Amino acid sequence: MSIPGPERPVVLALGGVSKAFGAVQALRDVSFDCRAGEVHALVGENGSGKSTLLGIASGFLAPDGGAVEIGGHRRRRGSPAEARRFGLGIAYQAYSHVLDLSVGENLYLAVPQEEQPRFGRMEEWASARLEEFKLELPVSARVRALSLVQRQLLEVVKALLAKPKVLLLDEPTTALGPKEVEQLHELVLQRSRAGVGIVYVSHRLPEVLGIADRVTVLRDGVGQGTFDAAGMSEESLVALMIGRPLQHAFPERNGGARPSDVLLAVSGLRGERFGPIDLVVKKGEILGLAGAEGNGQVQFLRALAGVERPTGTASCNGKELDNKSPLAALRAGVVLLSGDRTGESLFPVLSVRANTTVQVLRRLAPWGFLRRGRERRTVTEMVRRLRIRMASVEQPVQSLSGGNQQKVSLTRPFLRGDVRVILAEEPTQGVDVGARFDIYEALRAKADEGVAIIVKSSDPLELAGLCDRVVVMSRGTIVDEIQGADLGERRIVEAIVGGRVMQGTA
Amino acid sequence: MSAFTPTVGRAGLVANAIVAARFLPIWIATGALAIVSAIIAPDALQSTSWAFVLPYMTILAVAALGQMLVVMQAGIDLSTPGVMFFGGTLLVGVGAGSNGRLAGAVIACLALGAGVGLANGVLIGVLRLNPLIVTLATGQIVLAWGVKYSRGVVEGGNVPEALSSWAERKPLGISAVFWTGAALTLLVALVLRYTAVGRRFQAVGANPRAAWMAGMHVRTHVVFAYVAAGVLYALAAVLLAGVRISIDPAFGAEYLLAPIAAVVIAGASLAGGLASATSTWLAALALTLLTQMLRILGLSTAMQFIVFGAAILVGMLVSGDRVAALLGRVLRPAEAPSRPAAAQTNTGAT
Numbered sequence: 000m001s002i003p004g005p006e007r008p009v010v011l012a013l014g015g016v017s018k019a020f021g022a023v024q025a026l027r028d029v030s031f032d033c034r035a036g037e038v039h040a041l042v043g044e045n046g047s048g049k050s051t052l053l054g055i056a057s058g059f060l061a062p063d064g065g066a067v068e069i070g071g072h073r074r075r076r077g078s079p080a081e082a083r084r085f086g087l088g089i090a091y092q093a094y095s096h097v098l099d100l101s102v103g104e105n106l107y108l109a110v111p112q113e114e115q116p117r118f119g120r121m122e123e124w125a126s127a128r129l130e131e132f133k134l135e136l137p138v139s140a141r142v143r144a145l146s147l148v149q150r151q152l153l154e155v156v157k158a159l160l161a162k163p164k165v166l167l168l169d170e171p172t173t174a175l176g177p178k179e180v181e182q183l184h185e186l187v188l189q190r191s192r193a194g195v196g197i198v199y200v201s202h203r204l205p206e207v208l209g210i211a212d213r214v215t216v217l218r219d220g221v222g223q224g225t226f227d228a229a230g231m232s233e234e235s236l237v238a239l240m241i242g243r244p245l246q247h248a249f250p251e252r253n254g255g256a257r258p259s260d261v262l263l264a265v266s267g268l269r270g271e272r273f274g275p276i277d278l279v280v281k282k283g284e285i286l287g288l289a290g291a292e293g294n295g296q297v298q299f300l301r302a303l304a305g306v307e308r309p310t311g312t313a314s315c316n317g318k319e320l321d322n323k324s325p326l327a328a329l330r331a332g333v334v335l336l337s338g339d340r341t342g343e344s345l346f347p348v349l350s351v352r353a354n355t356t357v358q359v360l361r362r363l364a365p366w367g368f369l370r371r372g373r374e375r376r377t378v379t380e381m382v383r384r385l386r387i388r389m390a391s392v393e394q395p396v397q398s399l400s401g402g403n404q405q406k407v408s409l410t411r412p413f414l415r416g417d418v419r420v421i422l423a424e425e426p427t428q429g430v431d432v433g434a435r436f437d438i439y440e441a442l443r444a445k446a447d448e449g450v451a452i453i454v455k456s457s458d459p460l461e462l463a464g465l466c467d468r469v470v471v472m473s474r475g476t477i478v479d480e481i482q483g484a485d486l487g488e489r490r491i492v493e494a495i496v497g498g499r500v501m502q503g504t505a
Numbered sequence: 000m001s002a003f004t005p006t007v008g009r010a011g012l013v014a015n016a017i018v019a020a021r022f023l024p025i026w027i028a029t030g031a032l033a034i035v036s037a038i039i040a041p042d043a044l045q046s047t048s049w050a051f052v053l054p055y056m057t058i059l060a061v062a063a064l065g066q067m068l069v070v071m072q073a074g075i076d077l078s079t080p081g082v083m084f085f086g087g088t089l090l091v092g093v094g095a096g097s098n099g100r101l102a103g104a105v106i107a108c109l110a111l112g113a114g115v116g117l118a119n120g121v122l123i124g125v126l127r128l129n130p131l132i133v134t135l136a137t138g139q140i141v142l143a144w145g146v147k148y149s150r151g152v153v154e155g156g157n158v159p160e161a162l163s164s165w166a167e168r169k170p171l172g173i174s175a176v177f178w179t180g181a182a183l184t185l186l187v188a189l190v191l192r193y194t195a196v197g198r199r200f201q202a203v204g205a206n207p208r209a210a211w212m213a214g215m216h217v218r219t220h221v222v223f224a225y226v227a228a229g230v231l232y233a234l235a236a237v238l239l240a241g242v243r244i245s246i247d248p249a250f251g252a253e254y255l256l257a258p259i260a261a262v263v264i265a266g267a268s269l270a271g272g273l274a275s276a277t278s279t280w281l282a283a284l285a286l287t288l289l290t291q292m293l294r295i296l297g298l299s300t301a302m303q304f305i306v307f308g309a310a311i312l313v314g315m316l317v318s319g320d321r322v323a324a325l326l327g328r329v330l331r332p333a334e335a336p337s338r339p340a341a342a343q344t345n346t347g348a349t
């Protein structure tokens, strides 16, 4: 690790940048700089503003205020192309590959036009580049055929091809096992010794402390200071990361579930980005699913709901869970509340009425004919119970606020009598503070009826307040379980950023 | 937070206005067209004119209902002229001028429509091909096949006399064709509004992904839409053949664009899910009335097409999604004052 002296030039400087998305202040007057030859880590919880900061640095987002300087050039228009010209390279968390092109072709596309070799010599050129960065990949293989690990390393190499002065790495190790992390860090350190400034964004504090020279902490869009990594510990970083003011109350837990009543039992479940997972959820229990984004939480829930095909077994109420399709899962009593409300859960152009009763039409329509009066009463009753704010049940759902939209999708498990398990993805994402409590209360009421609930959330505070028990996922497996007196925001965040690595992930 | 906003009163009216806005322009436009017509081309509203307008508007409305079902599944169907032409030639060919064979001829015609619709539905709903290109191709195949078939059998032949005389009948003083179309429109409207099948059909069209996740059979609904559409085109062909009596090479050709136009200016959402059968029926009336008015005004055929095309474009500008979005934007601040999520701090990727 090189300790950069003050004489090193600053290759990336953000001065007092702010950015708001609608009413949400994602960044507030944040300053950040990275010098040539150093590794500067940026840490913070999910949603603390890390990605927004990267977006501004790389020219994809225009800041509302503040200045950006790359390689000594003051940025003017702020386009990604300009940032690249000034010497900024970025490796994205969601990779930028063209999946159906080969490794060589992807590399070819990643360099500026004037540096591209003649098309006929592309493979030869690409092999040379891969060798330069000590990456063993078949040049002619389609990127689609590569493993996630290989794709990640290729993403970094692509960013390095343009010989950037500063390289941004966004959560580069999410998909990697310990051996690959080492391989990646070696590559990063080698470039850093060659004088490249590295901005390393990660939530995995052990890795951060292992590689970084300096660390900057973000919390709720506000910079908490920049520190020498050598003087920091995981504990001191966590203390800086947490501590968001408590904005909302939670419904009371009712003493916990009877331990014998196991409702959902998962054993050895595997899927594309997770597994093997063993998990038990009891009747009347709300289980939280924590973890940094992209560690398989979403895929795990979707496998239970029949949206993605898993291997391994899960059983509900003692019977093996048939999760071939969402319909099969629903028949077994498993309901998924998708985090993508307008895309996967609601029918935006249709009325509140139609959206609410869509899964119980059979009951409301004896002989196939809808009893509109009965339907209306059913919907009105749900509207009252979940406190949905709207003007009329005939109103299109797309004209409701996010919180009320979420409540509309929540009505469905309430109307079905046969629901045993509710899988809620980010139930309060984009929901205003007032509506949040109503949603928590609705989930708790459903749990009290004896339903088992899994809540996937990226908000540790929410998990700590709402759930009876929280499991933490990392790299697709459960790495920690928190309950009882231990259950608190700090403990959850520590588990997430600790990134304890379990061996044996596929 | 206050418990619950009542669903009646001013706010309720506002919400209903948003809902109705989508389908409102066609009613206003039809009224305006009638007034303009009364002033500059009063002949278009004479009873002799209605005797022409009503049967033809019905035929357009029936074809448009088929198109509407497809549009509700976010698709489009360009096989209409092909189905109508081949269907018409089957009526002449299978019917062979004999009243006794009329039933068989009509069944053959409807079966053709269902068959083409099934092919479209499977290619689009199950094999996920692009509806525009699939239906253009199947329409072409069916049309060519119809032309080949018609060479052998149709020359100089008429549809069975029972069909043409039925089409001339006027119960209660209005064409039997008209009553058929009106009843069909009402049926489709009622099924969509009052049955579970209709509700699921709308849901699948509005968001197939969400419908699948809610446990519905998405492919079945899409296939059904194309089959029902094919049958309705065939029915339109039966009515047209009854009115025209004989089949000429251009039979059905004008039903490529007109049904789509009727569906669109009637306010259907091209993204799927929302459409109104009665508004579509009215749009068919408006378009036929417009054609008749232009004809009476003595515009050249070319000019008629230009005005017709322009009317469709204007209709698209002021109907459906655009009106609903506009009105929603105007009315929303008054209706939803709550802060939009100060709590989006946990969206993962900010």
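First to last, the sequence lines map onto chains A and B. Just so we're aligned: 158 in numbering that gives the first Met the number 0 is position 159 of the first sequence, and the numbers increase by one with no gaps anywhere. Just so we're aligned: 175 in numbering that gives the first Met the number 0 is position 176 of the second sequence, and the numbers increase by one with no gaps anywhere. Every residue gets a Cβ at the ideal spot worked out from N, C-alpha and C, and that includes glycine. Predicted, not measured: the structure shown is a model, and the values here were computed from it.
{"Item": "Is alanine 73 of chain B close to chain A? Criterion is C-beta to C-beta, closer than 7 Å.", "Value": "no"}
{"Item": "Please confirm if alanine 213 of chain B has its CB atom under 7 Å from at least one CB of chain A.", "Value": "yes"}
{"Item": "Can arginine 443 of chain A and proline 250 of chain A be called in contact, C-beta distance under 7 Å?", "Value": "yes"}
{"Item": "Is it right to say glutamate 185 of chain A is buried, meaning 16 or more other beta carbons lie within 10 angstroms of its own, or is it exposed?", "Value": "exposed"}
{"Item": "Under 7 Å between C-beta atoms, does serine 268 of chain B make it to chain A?", "Value": "yes"}
{"Item": "If alanine 60 of chain B and glycine 197 of chain B are in contact, beta carbons under 8 Å, what's the gap, nearest whole angstrom?", "Value": "Contact flag wrong, Cβ pair sits at about 18 Å."}
{"Item": "Since lysine 455 of chain A sits in a beta bridge, which residues does DSSP pair it with?", "Value": "A:Leu288 and A:Glu424"}
{"Item": "Can you check whether the C-beta of leucine 273 of chain B is within less than 7 Å of a C-beta belonging to chain A?", "Value": "yes"}
{"Item": "Along the segment 146 to 165 of chain B, what residues have a CB closer than 7 Å to any CB found in chain A?", "Value": "none"}
{"Item": "Please report the residue range of the beta strand (DSSP E) in which isoleucine 89 of chain A lies.", "Value": "87 to 90"}
{"Item": "Of all Cβ atoms in chain A, is any one closer than 7 Å to the Cβ of tyrosine 254 of chain B?", "Value": "no"}
{"Item": "Where does asparagine 157 of chain B sit, in a helix, a strand or coil, going by DSSP?", "Value": "strand"}
{"Item": "Along the segment 201 to 234 of chain B, what residues have a CB closer than 7 Å to any CB found in chain A?", "Value": "Gln201, Ala202, Ala205, Asn206, Arg208, Ala209, Trp211, Met212, Ala213 and Gly214"}
{"Item": "Which runs of the beta strand (DSSP E) fall wholly inside the segment 208 to 233 of chain B and span at least 3 residues, in chain order?", "Value": "none"}
{"Item": "Where in the segment 115 to 181 of chain A do unbroken runs of the beta strand (DSSP E), each at least 3 residues long, occur, reported from the N-terminal end onward?", "Value": "165 to 169"}
{"Item": "Count the other C-beta atoms from every protein chain shown that fall within 10 angstroms of the C-beta of glycine 543 of chain A, then say buried if there are 16 or more, exposed otherwise.", "Value": "This structure cannot speak to residue 543 of chain A, because chain A is shown only from 0 to 505."}
{"Item": "Which chain A residues sit within Cβ distance under 7 Å of alanine 195 of chain B?", "Value": "Leu360, Arg361, Ala364, Gly367 and Leu369"}
{"Item": "If contact means a Cβ-Cβ distance below 7 Å, which residues of the segment 96 to 112 of chain B contact chain A?", "Value": "none"}
{"Item": "How about alanine 228 of chain B and glycine 116 of chain B: are their beta carbons less than 7 Å apart?", "Value": "yes"}
{"Item": "Using the Cβ count rule (16 or more neighbours within 10 Å means buried), how would you classify methionine 240 of chain A?", "Value": "buried"}
{"Item": "Do glutamate 292 of chain A and asparagine 45 of chain A have their CB atoms nearer than 7 Å?", "Value": "yes"}
{"Item": "Put proline 275 of chain A into one of helix, strand or coil per three-state DSSP.", "Value": "strand"}
{"Item": "CA-CA distance, valine 262 of chain B and leucine 64 of chain B?", "Value": "8 Å"}
{"Item": "Indicate whether glycine 58 of chain A and glycine 77 of chain A have their beta-carbon atoms separated by less than 7 Å.", "Value": "yes"}
{"Item": "If you pair each beta-carbon of the segment 280 to 291 of chain A with each one of the segment 261 to 270 of chain A, do three or more pairs fall below 8 Å?", "Value": "yes"}
{"Item": "Can you have a look at methionine 381 of chain A and say buried or exposed, based on whether 16 or more other CB atoms are within 10 angstroms of its CB?", "Value": "buried"}
{"Item": "Would you say arginine 198 of chain B lies against chain A (beta-carbon separation less than 7 Å)?", "Value": "yes"}
{"Item": "Just to check my reading of the structure: valine 306 of chain B and leucine 293 of chain B have Cβ atoms closer than 8 Å, yes? What is that Cβ distance to the nearest angstrom?", "Value": "6 Å"}
{"Item": "Going along the chain, which residues of its own chain have a beta-carbon closer than 6 Å to the beta-carbon of threonine 341 of chain A, five neighbours each way excluded?", "Value": "Pro347"}
{"Item": "Just the C-alpha distance for valine 105 of chain B and tyrosine 148 of chain B, rounded to the nearest angstrom, thanks.", "Value": "16 Å"}
{"Item": "Ignoring anything shorter than 4 residues or poking outside the segment 365 to 428 of chain A, list the alpha helix (DSSP H) runs there in chain order.", "Value": "371 to 384 and 401 to 414"}
{"Item": "Quick check: glycine 124 of chain B and cysteine 108 of chain B, are their CB atoms within less than 7 Å of each other?", "Value": "no"}
{"Item": "So what's methionine 71 of chain B in DSSP terms, helix, strand or just coil?", "Value": "helix"}
{"Item": "Spatial neighbours of methionine 0 of chain A within its chain, please: C-beta separation below 6 Å, excluding the five flanking residues on both sides.", "Value": "Low confidence applies here, because methionine 0 of chain A scores a pLDDT of 46, under 50, leaving its location unreliable and the question unanswered by this model."}
{"Item": "Hey, threonine 172 of chain A and valine 165 of chain A: beta-carbon distance below 7 Å or not?", "Value": "no"}
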